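When we follow the numbering used here, the leftmost residue of the sequence shown carries the number 76, and every step to the right adds one.
Structure first, commentary second.
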Amino acid sequence: MCIMAERTRQNEYFNSFKEFEDCLRAYELKNCVIFKRTSTKPVDKYNARLQPGQTKLDECLFLKYGTYNCVHGGPVRPSQSKGLRPNQRTLQLHCPAQISLVGEACPKQRLKISSFKHLHQNHPVGNSNFAKHYCKNKKLDKTTKELVTTMFKCRGKNADIVHQIQETTGKAVNSKDISNMKQQYRMEQRLGKTPEEDLILELKKMLKDDPGSQYVIGHVETETDVDDTENNEPKLVDFIFFQTKAMRDNLEQFPEILGLDTTYDVNKHNMHLSVVEAIDNHKNGRIVGYIFLRRETSNILESALKVFVAKNPDVVNTVKTVIVDKDYKEISGVRKVLPNVHVHLCHTHVRRIFSRRVKGEENASKLTKILNDMCLSDTAEVRPLGYTITATKYFFDCSVWLS
76 MCIMAERTRQ NEYFNSFKEF EDCLRAYELK NCVIFKRTST KPVDKYNARL
126 QPGQTKLDEC LFLKYGTYNC VHGGPVRPSQ SKGLRPNQRT LQLHCPAQIS
176 LVGEACPKQR LKISSFKHLH QNHPVGNSNF AKHYCKNKKL DKTTKELVTT
226 MFKCRGKNAD IVHQIQETTG KAVNSKDISN MKQQYRMEQR LGKTPEEDLI
276 LELKKMLKDD PGSQYVIGHV ETETDVDDTE NNEPKLVDFI FFQTKAMRDN
326 LEQFPEILGL DTTYDVNKHN MHLSVVEAID NHKNGRIVGY IFLRRETSNI
376 LESALKVFVA KNPDVVNTVK TVIVDKDYKE ISGVRKVLPN VHVHLCHTHV
426 RRIFSRRVKG EENASKLTKI LNDMCLSDTA EVRPLGYTIT ATKYFFDCSV
476 WLS
């Protein structure tokens with residue numbers, strides 16, 4: 076390795092491009108630096124321009140001309156950002172280190188380092204702790220990649236995979252590297268299918284593997300849909316509802332109290348995920364359905380809840396209470412689809428927002444105690460009217476949510 080590294084010098088000759096790359100890699104590892112190919116003229120393009128009778132270069136040389144710069148070469152790029160992503164950096168630090176290659180046909184076929192500027196500037200040299208974070212030094216070999224793929228199939232956590240690689244190879248990989256590898260693995264598993272095609276296949280696979288499961292892909296009709304139908308425009312998917320047999324069993328076993336909550340931007344299309352849960356005898360939530368929403372608008376959410384009720388008709392007669400957070404759209408949708416149920420606000424959301432509103436008030440502790448008593452009361456007639464008015468004044472601008 077040391078001998079190969081020393082061959083990376085000016086006026087040195089190589090019998091093939093692979094021989095040069097092996098020596099350059101040995102030089103990089105010894106000196107803890109990285110070079111990148113910045114400009115080239117391949118052998119095939121050079122040979123195509125030769126006049127009849129001129130000697131062609133051997134394909135094993137690969138390059139007629141080539142320039143390698145330090146990975147920190149090039150002018151520093153001034154940031155044009157607005158400061159929204161302050162941690163963005165560039166490797167370009169105006170390092171002058173450079174290697175120039177030229178392919179020769181006479182007296183023999185070989186590559187020559189015609190110029191070698193070996194002095195580096197503006198970055199550490201010989202620091203292995205610094206160099207191990209270069210992308211080139213973090214690349215995994217075939218055996219390690221196969222191990223990572225096996226761990227993906229076993230649903231291994233990113234942190235565990237990072238620890239395993241660091242222990243076995245010493246590579247300075249991080250969770251982001253594993254996430255990128257996992258994304259690449261998923262794309263390979265699709266076998267050229269689009270994400271939409273892959274989704275349909277997964278839903279059909281769910282029906283095949285779980286006979287009691289069901290799904291609905293829904294579209295909410297609007298006034299513009301008439302024009303789209305005439306122009307043969309495809310309709311947007313507004314929501315996707317799916318439910319496994321185990322979820323239906325949970326709903327059948329614990330139908331009295333349901334919970335509804337939504338999280339945001341769960342995929343690249345920024346769709347929302349609404350989770351419908353049933354509360355069991357131990358106050359634990361059990362999933363009874365998932366709904367992906369294109370947008371969390373009142374009409375889309377209401378249509379999705381109607382599908383949930385249509386697929387589970389016993390819900391209308393058995394559910395007594397639906398727990399939601401402070402979202403008006405969820406409250407409105409539940410009241411329209413299930414008009415006879417009691418809509419209960421989540422205590423955690425209520426207390427958090429109330430504490431935020433009364434922060435800094437002189438009577439904050441008293442007001443908080445009033446709200447806690449109201450939340451924990453067993454009856455509708457919680458407190459005297461004065462208590463309700465006082466709490467509502469600091470909680471919301473209107474008393475709709477507490478009425």
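From the three backbone atoms N, C-alpha and C, an ideal C-beta is built for every residue, glycine too.
Remember, it's a predicted structure, so these values are computed and weren't measured experimentally.
Thinking C-alpha only, which one of the options is nearest residue i?
i	options	result
threonine 396	Glu352, Ile315 and Tyr403	Glu352
cysteine 98	Cys107, Thr83 and Ser91	Thr83
asparagine 71	Ser430, Lys434 and Gly435	Residue 71 lies beyond the stretch modelled for the chain, which goes from 76 to 478, so this question has no answer here.
serine 189	Arg261, Lys105, Asn233 and Glu87	Glu87
tyrosine 260	Gly287, Asp235 and Leu222	Leu222
tyrosine 102	Asn359, Lys157, Lys444 and Gly201	Gly201
methionine 226	Asp216, Ile253 and Lys246	Ile253
glutamine 184	Leu136, Leu168, Arg164 and Cys210	Leu136
threonine 243	Thr219, Gln264 and Gln85	Thr219
leucine 348	Ile366, Ile362, Lys211 and Leu104	Ile366
asparagine 233	Met256, Tyr121 and Asp216	Met256
tyrosine 121	Phe110, Thr130, Lys139 and Arg265	Lys139
histidine 344	Glu271, Cys210 and Lys434	Glu271
asparagine 197	Cys170, Val425 and Asn212	Cys170
asparagine 342	Ser373, Leu274 and Asn392	Leu274
aspartate 45	Lys358, Val390, Lys381 and Asp340	Given a span of 76 to 478 for the chain in the structure shown, any question on residue 45 remains unanswerable.
asparagine 212	Gln167, Lys157 and Phe110	Phe110
glutamine 264	Met346, Lys251, Lys279 and Thr224	Thr224
asparagine 356	Asn392, Asp216, Ser378 and Pro330	Pro330
proline 182	Leu335, Lys131 and Ser373	Lys131
aspartate 216	His424, Asp336, Gly245 and Lys228	Gly245
glutamate 377	Asn359, Leu335, Asp340 and Asn392	Leu335
valine 108	Tyr403, Cys210 and Asn392	Cys210
According to DSSP, residue i sits in a beta bridge with which residue or residues?
i	result
phenylalanine 191	Ile174
tyrosine 121	None; tyrosine 121 has no bridge partner.
tyrosine 365	Phe317 and Val350
cysteine 145	Phe110
isoleucine 445	Paired residue(s): none; isoleucine 445 is not in a bridge.
threonine 396	Ile332 and His417
leucine 186	Phe89 and Gly178
glycine 360	Ile354
threonine 338	Leu348
isoleucine 292	Ile315
lysine 116	Tyr140
Taking just the CA atoms, how far does residue j sit from residue i?
i	j	result
alanine 80	arginine 370	59 Å
glutamine 173	phenylalanine 316	58 Å
lysine 283	threonine 269	21 Å
asparagine 204	histidine 193	21 Å
isoleucine 78	alanine 206	21 Å
serine 407	leucine 420	13 Å
valine 312	glutamate 296	11 Å
asparagine 106	alanine 180	31 Å
glutamine 239	threonine 338	32 Å
isoleucine 398	valine 416	10 Å
glutamate 277	serine 288	12 Å
proline 127	isoleucine 236	57 Å
lysine 444	asparagine 438	10 Å
tryptophan 476	isoleucine 375	At tryptophan 476, the pLDDT of 42 sits below 50, so the modelled position is not reliable; the number obtained from the coordinates is stated separately. If you take the alpha carbons of tryptophan 476 and isoleucine 375, they lie about 22 Å apart.
glycine 461	leucine 442	Bear in mind that the predicted position of glycine 461 carries a pLDDT of just 47, short of 50, making it unreliable; the figure below should be weighed with that in mind. Those two C-alpha atoms are separated by around 12 Å.
valine 533	histidine 195	Lying before the first or after the last residue shown, residue 533 is absent from the chain, which here runs from 76 to 478.
aspartate 400	glutamine 328	24 Å
isoleucine 354	glutamate 405	18 Å
leucine 326	phenylalanine 383	11 Å
lysine 93	lysine 214	18 Å
glutamine 258	glutamine 241	20 Å
glycine 149	serine 250	29 Å
isoleucine 464	lysine 228	With a pLDDT of 47 at isoleucine 464, under the threshold of 50, the modelled position of that residue is not reliable, and no figure is offered here.
What does a CB cutoff of less than 8 Å around residue i pick up in its chain, not counting 5 residues either side in sequence?
i	result
glutamate 134	Val118 and Asp119
threonine 319	Met281, Asp285, Gly287 and Ser288
histidine 208	Ala247
arginine 112	Gly141, Thr142 and Tyr143
So, at 6 Å on beta carbons, what are the nonlocal neighbours of residue i in its own chain, with the 5 sequence-adjacent residues on each side left out?
i	result
cysteine 450	His422
serine 175	Thr142, Ser189 and Ser190
threonine 165	Arg152
lysine 310	His294
phenylalanine 471	Caution applies to phenylalanine 471, whose pLDDT of 46 falls short of 50 and renders its modelled position unreliable; the value that the coordinates give is listed next. Taken in chain order, the list of residues that qualify is empty.
Hey, residue i and residue j are a contact pair by Cβ (cut 8 Å); roughly how many whole angstroms apart?
i	j	result
leucine 333	valine 248	That belief does not hold up - the Cβ atoms of leucine 333 and valine 248 are roughly 43 Å apart, past 8 Å.
valine 409	valine 418	6 Å
glycine 178	leucine 168	About 30 Å separates the two Cβ atoms, so there is no contact after all.
methionine 346	leucine 380	So it is not a contact: roughly 16 Å between Cβ atoms.
So, for residue i: in the same chain, excluding its five sequence neighbours on each side, which residues have a beta-carbon less than 7 Å away from its beta-carbon?
i	result
serine 91	Cys135 and Leu136
isoleucine 292	Val312 and Ile315
glycine 364	Phe316, Gln318, Met322, Val351 and Phe383
alanine 385	none
Against chain C, with Cβ distances strictly below 7 Å, would residue i count as a contact?
i	result
phenylalanine 110	No chain C is present in this structure, which holds just one protein chain.
Given the structure, does residue i come close to the ligand MG, in the sense that its CB is under 6 Å from one of the ligand's heavy atoms?
i	result
valine 146	What this structure holds is no ligand at all, so the ligand MG is not there to describe.
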